[in-house]
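Working notes, beginning with the structure itself.
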Amino acid sequence: MKAKNMPNLGDFDTMKFLAEVDVEEAHKKLLKARYMVMKYERVEAQCRQVLANIIAEEYRRREEEEAKYAA
């Protein structure tokens, strides 16, 4: 089964388009896209770490308050 927008690689227009693609430019764009993904994954990991630190601090604060009231 073929997707609706999947080009027929044997089609003359498709072959003409593929022949005109600038491979170097496409490669540069791919590398840039990979870099951006890595950058956003790194930022996401940092945000997760900050959130984990905030949650851990809140738990410590609550435990200290409970210990204070229990004493």
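Going letter by letter, the sequence shown gives residues 28 to 98 in the working numbering. Idealized CB from N, CA, C, for every residue including glycine. All figures in this text were calculated on a predicted structure; none of them were measured in a lab.
Local conformation of residue i per DSSP, three classes
i, result
"A100", "Since the displayed the chain opens at 28 and closes at 98, residue 100 lies outside it and no answer follows."
"V77", "helix"
"M28", "With a pLDDT of 46 at M28, under the threshold of 50, the modelled position of that residue is not reliable, and no figure is offered here."
"V48", "coil"
"D40", "helix"
Other residues of its chain near residue i: CB distance less than 6 Å, five sequence neighbours each side excluded
i, result
"E52", "none"
Same chain, Cβ closer than 7 Å to residue i, neighbours up to 5 away in sequence not counted
i, result
"M28", "Its pLDDT being 46, under 50, M28 is placed unreliably in this model, and the value from its coordinates should be taken loosely. Within the same chain, M28 has no close Cβ partners at all."
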